[in-house]
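Chains as they are written, first to last, in this note's numbering: chain W, 1487 to 1833; chain X, 758 to 926; chain G, 114 to 535. Ideal placement from N, C-alpha and C gives every residue a C-beta, glycine not left out.
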Amino acid sequence: MIPATDPVVLSAHDRASRNLQLTGDGQLRHFITLDGLDLVMLTDILDTADSFIEVGERTIKKVPLLRGRTVVNLFFESSTRTRSTFELAAKRLSADVLNLDISTSATSKGETLSDTLLNLEAMASDMFVVRHSQSGAPHFIAESVTPGVAIINAGDGRHAHPTQAMLDMLTIRQNKGSFEGLRVAIVGDILHSRVARSQIRALQTLGVAEVRLIAPGTLLPADAESLGCTIEYDMRRGMADLDVVIMLRLQKERMEGALLPSEREFYRLYGLDTEKLALAKPDCIVMHPGPINRGVEIESAVADGPQSVILNQVTNGIAIRMAVMSMAMSGQVADRAARVRAQEADQ
Amino acid sequence: MTDIPEVPVLLDRLEQRLKDFLEEKGIDRPLLVGIRTGGVWLAEALHARLGLIEPWGELDISFYRDDFSRIGLNPRVTPSHLPFETEDRDLVLVDDVIMSGRTIRAAMNELFDYGRPSSISLVALIDLGERELPIQPDVAACPLKLPPHQRVKLTGPQPLAVEIREVRA
Amino acid sequence: MSKTLRIDGARLPGQESPLSVLVSDGRIKAVGAELTGAEAVQVIDAAGLTLMPGFVDLCCNLREPGNGQKGNIASETRAAARGGYTTVCASPDTSPVNDSGAVTHLVRDVARARSGIRVLPIGAATRGLSGELLSDMVGLKAAGCVAFSNGSRAMANARILRRCMAYARTFDLTLMLQPLNQALAADGYAHDGRVAARLGLLGVPEVAETAAVMEMLLLAEETGVRLHLGQLSCGRSVAMVAEARARGVTVSADVAMHQLLFTEEALSGFDSRYHVVPPLRSEADRKALLEGVESGVIDAIVSQHQPHDSAAKQAPLGVTEPGLSTVESVFSMGLTLVRRGELSFAALTRALTTGPASIIGQRSEIAEGAEASLGLWDLNGEWRARPDTIRSVGQHVPVPNEPLPGVLRWTIHGGEVVCRPD
Chain W
1487 MIPATDPVVL SAHDRASRNL QLTGDGQLRH FITLDGLDLV MLTDILDTAD
1537 SFIEVGERTI KKVPLLRGRT VVNLFFESST RTRSTFELAA KRLSADVLNL
1587 DISTSATSKG ETLSDTLLNL EAMASDMFVV RHSQSGAPHF IAESVTPGVA
1637 IINAGDGRHA HPTQAMLDML TIRQNKGSFE GLRVAIVGDI LHSRVARSQI
1687 RALQTLGVAE VRLIAPGTLL PADAESLGCT IEYDMRRGMA DLDVVIMLRL
1737 QKERMEGALL PSEREFYRLY GLDTEKLALA KPDCIVMHPG PINRGVEIES
1787 AVADGPQSVI LNQVTNGIAI RMAVMSMAMS GQVADRAARV RAQEADQ
Chain X
758 MTDIPEVPVL LDRLEQRLKD FLEEKGIDRP LLVGIRTGGV WLAEALHARL
808 GLIEPWGELD ISFYRDDFSR IGLNPRVTPS HLPFETEDRD LVLVDDVIMS
858 GRTIRAAMNE LFDYGRPSSI SLVALIDLGE RELPIQPDVA ACPLKLPPHQ
908 RVKLTGPQPL AVEIREVRA
Chain G
114 MSKTLRIDGA RLPGQESPLS VLVSDGRIKA VGAELTGAEA VQVIDAAGLT
164 LMPGFVDLCC NLREPGNGQK GNIASETRAA ARGGYTTVCA SPDTSPVNDS
214 GAVTHLVRDV ARARSGIRVL PIGAATRGLS GELLSDMVGL KAAGCVAFSN
264 GSRAMANARI LRRCMAYART FDLTLMLQPL NQALAADGYA HDGRVAARLG
314 LLGVPEVAET AAVMEMLLLA EETGVRLHLG QLSCGRSVAM VAEARARGVT
364 VSADVAMHQL LFTEEALSGF DSRYHVVPPL RSEADRKALL EGVESGVIDA
414 IVSQHQPHDS AAKQAPLGVT EPGLSTVESV FSMGLTLVRR GELSFAALTR
464 ALTTGPASII GQRSEIAEGA EASLGLWDLN GEWRARPDTI RSVGQHVPVP
514 NEPLPGVLRW TIHGGEVVCR PD
């Protein structure tokens, strides 16, 4: 496509993301990014997840929605924790689950990603849950595999981790009732965080009053202002009026690239302790996508304290994943029906 | 034109037949469970008429339908709500219209995921026949035969009314 | 009897009256309206077509020597001829690298046998393009290299760069360098701007280029080398080149056509097609680059043609190979800019002909006695770049399947028809 003379901010990307992820009649068929998904869709996901939370409280925590379907966990970057929640979610939907740790198998034998995918497709898979170290890998997979396989993004590079963001949104909605008027801060390593990028997008679409990014300049992306957030370097000042504070995990290797001097200095400036938390609203909730580095980004007393909702986040994770998996599979069903209709019309 | 009595008449009939049925079965503490949406309205109405103390339940069978592979997920699914233990209890499943019996199969599958009830009985306001599964209502207020171009639907909740609509082939 | 060719009915750009061109022994013998009676072995009816000088490309990857799956001299010069080019400079980043007379001779020999157009090898400035040891530049010049570059790789450090310049200056060699500070670019593959921020792409900051431009300009000023900066991507770079030139530094510059048409937005949706080095930058940069071409600060527009096999682009964005298959689309992309009023036709033509030609001591003109290297274009026609229309091995064209203005009908090089209508 020849670009227009004055490109509008990311509208092309939003359009592309919407077209990739939604069926002709607006149903979810892949869940790769929150870009291009509107308020109605995000609310539908949260509502559907609410129904799955109820399922999780039953004696038998399983529904037959995806019975006979095969879900492949394609983890090019290993993560036991995330993989387990996806696996549990798929099993609670009655799907058959295949776990492939590609980081150690195919690619090390020189097989290209495309070849790996073709092989998996031949196994009649219905859904790939993809985690990859490269931003955009699920986009690539969704565009290059044959139609009929739903792609769920379980985290790609620095780009997106939409199920994590949506489970955080569910936690916020459970605690705050709605998103209206909320001031939410995301603190720490924004630059490398796919979770932060998805959270920012989700919060903006759901209509919070303010998303505040609190980090040193070395841990913010270039042109961070273009993300539509308030930027704050001073965490003490940044805590004012907060309803929600989301702490990000700090990777140890950030010290090596000269992005930070030391864990100690980072904790003093950007770690969430009782004293800094007291500067936020009294009912401010504390969130963390985990796993927590106690004493690096958050004080134990805060992580385990009354304002922490970190454990709710784990329960909500399974419900959100059940919701997007069943919705995406449903979209694939609709897509298939539309293809059959189109074929019949052709003949 | 098909002639059906007004809903209050049907409800009177349903209440009486259900009372008779429960008495005959020796069920004195039934738990009503309505299937969304029409069944819930009926369960609420019957709950009041029977003067039950324990709350009624609401079932959303979206996750249990057998036509997922053809029509996908109901976009408006809401949580089922059974505010009681079902283990060893006598459940009365309430729906507005019974036809193929597939909804009831899905509802029974769902009920069993909450525990093992002592019994499940079925109440339907209107019985259209046309069964595709070996499932029959224990109590129904009104049998009805519809030509292929018509559908019946309970509208509500205030007031409850039975509506017959023409559908295009 | 000498070989003659007559072109009838063509127009020069912007002119109304059709004219004829008489070609004999590879040269233009006469240009005028009254030549229709002149005898010729071959006559081309060019009614409705516009006569352009053959284009000159300073940066073109022909992929030979190499394993062939990305293209070869025959396939890629055929593509270049289709793009209206009659002279292409062959980049040294082949396999093996063109850092020895043997490789230079190989390129020239293959070109002589398989290419209809002129292929001028660019020698590697450092051995293996490693950026550490100087190559035998004088020997390479003798073998036929017209200039020296380090491909898209940076020199190891400023000391090597300075010595490379000083050595090139001694023997009056032209250095064509792509400015890039590798430490600042690191593993980046996208402009470090709002798209990278939103999509979590690894960014190449603008300063990775501008810091290198400044360093190169200062060293060029000191050493007096003839410096050509290749494939600029930042507006700031253009300003710095203009300022240095005003100060008397011998520096010229080029820009790749895709930098004038696309911005960072092209990577929305992670489209690996638009993974190029340097990365596509902001709209402000694009505007400044266009102004640079218009004003002449940027002497040349290059294709930076980089054909690939399809697998090279079939992967997540960050691990795909950079580059577009552009050589057949360059002029049409330029005409798109002209139609939008973003670039004048005169500046476009200059940047594809006399501008690049002068940097490598060549000529590109339509005049009596000049080499008969010409393109005949249907400027009002449109075409689409598709597998069945593209001759390059590389199918990752910059503007796929969309109507593009300007259809090449004939290319003539040295009096020979090297591309004719399908």
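Limits of the unbroken alpha helix (DSSP H) element including residue i
i: residue 234 of chain G; result: Counting along the chain, residue 234 of chain G falls outside any alpha helix (DSSP H), though it belongs to the beta strand (DSSP E) covering 231-237.
i: residue 884 of chain X; result: Run containing residue 884 of chain X: none in the alpha helix (DSSP H); it sits in the beta strand (DSSP E), 876-884.
i: residue 1849 of chain W; result: A query on residue 1849 of chain W cannot be resolved here, the shown segment of chain W reaching from 1487 to 1833 and no further.
i: residue 1798 of chain W; result: 1796-1832
i: residue 277 of chain G; result: 271-283
i: residue 1602 of chain W; result: 1599-1608
i: residue 1690 of chain W; result: 1680-1692
i: residue 1734 of chain W; result: Careful: residue 1734 of chain W lies outside any alpha helix (DSSP H) and carries neither H nor E.
i: residue 405 of chain G; result: 396-408
i: residue 253 of chain G; result: 250-256
Bridge partners - residue i, DSSP secondary structure assignment
i: residue 496 of chain G; result: G:517
i: residue 289 of chain G; result: G:262 and G:341
i: residue 1626 of chain W; result: In DSSP, residue 1626 of chain W forms no bridge with anything.
i: residue 1517 of chain W; result: W:1638
i: residue 1718 of chain W; result: W:1700
i: residue 1561 of chain W; result: W:1587 and W:1617
i: residue 910 of chain X; result: X:920
Residue i versus the options, residue with shortest Cα-Cα distance
i: residue 350 of chain G; options: G:488, G:128, G:387 and G:326; result: G:326
i: residue 504 of chain G; options: G:406, G:354, G:138 and G:188; result: G:188
i: residue 533 of chain G; options: G:197, G:186 and G:166; result: G:197
i: residue 1735 of chain W; options: W:1762, W:1515 and W:1776; result: W:1776
i: residue 1652 of chain W; options: W:1832, W:1634, W:1536 and W:1819; result: W:1536
i: residue 1664 of chain W; options: W:1695, W:1637, W:1673 and W:1687; result: W:1695
i: residue 880 of chain X; options: X:900, X:835 and X:823; result: X:900
i: residue 520 of chain G; options: G:526, G:535, G:243 and G:529; result: G:535
i: residue 767 of chain X; options: X:886, X:803 and X:797; result: X:803
i: residue 236 of chain G; options: G:184, G:303 and G:208; result: G:208
Where residue i falls, given that 16 or more other Cβ within 10 Å makes a residue buried
i: residue 509 of chain G; result: buried
i: residue 1678 of chain W; result: buried
i: residue 906 of chain X; result: exposed
i: residue 1799 of chain W; result: buried
i: residue 116 of chain G; result: exposed
i: residue 773 of chain X; result: exposed
i: residue 1726 of chain W; result: exposed
i: residue 1628 of chain W; result: buried
i: residue 1503 of chain W; result: buried
i: residue 894 of chain X; result: buried
i: residue 1515 of chain W; result: buried
i: residue 1815 of chain W; result: buried
i: residue 566 of chain G; result: Residue 566 of chain G lies beyond the residue range present for chain G, which begins at 114 and ends at 535; the question has no answer from this structure.
i: residue 902 of chain X; result: exposed
i: residue 273 of chain G; result: buried
i: residue 175 of chain G; result: buried
beta-carbon residue i near the ligand FMN non-hydrogen atom, thresh 6 Å
i: residue 521 of chain G; result: As far as ligands go, the structure on display features none, and thus does not contain the ligand FMN.
N-terminal and C-terminal residue of the beta strand (DSSP E) that residue i is part of
i: residue 1613 of chain W; result: 1613-1618
i: residue 791 of chain X; result: 788-792
i: residue 145 of chain G; result: 140-145
i: residue 135 of chain G; result: 132-137
i: residue 461 of chain G; result: That residue, residue 461 of chain G, is in no beta strand (DSSP E); its alpha helix (DSSP H) goes 458-465.
i: residue 168 of chain G; result: 168-173
Legend entry - Residues, ordered as in the chain, of the region 448-465 of chain G that lie near chain W by beta-carbon distance below 8 Å: 449, 453 and 455
Legend entry - Contact residues within the region 1563-1581 of chain W, judged by C-beta distance below 9 Å to chain G: none
Inset, instruction - Check distances from the C-beta atoms of the region 412-431 of chain G to those of chain W and list, in chain order, the residues that come in under 9 Å. - result: 424, 427, 428, 429, 430 and 431
Inset, instruction - Give the residues from the region 797-814 of chain X that approach chain W closer than 7 Å (Cβ to any Cβ), ordered along the chain. - result: none
Inset, instruction - Scan the region 381-413 of chain G for residues whose Cβ lies nearer than 7 Å to a Cβ of chain W and list them as they occur along the chain. - result: 381, 382, 383 and 396
Inset, instruction - Residues of the region 204-218 of chain G with a CB closer than 8 Å to any CB of chain W: list them in chain order, please. - result: none
Inset, instruction - Output, in sequence order along the chain, the residues in the region 298-318 of chain G whose CB is closer than 8 Å to any CB in chain W. - result: 305, 306, 307, 308, 309, 310, 311, 312, 313, 314, 315, 316 and 318
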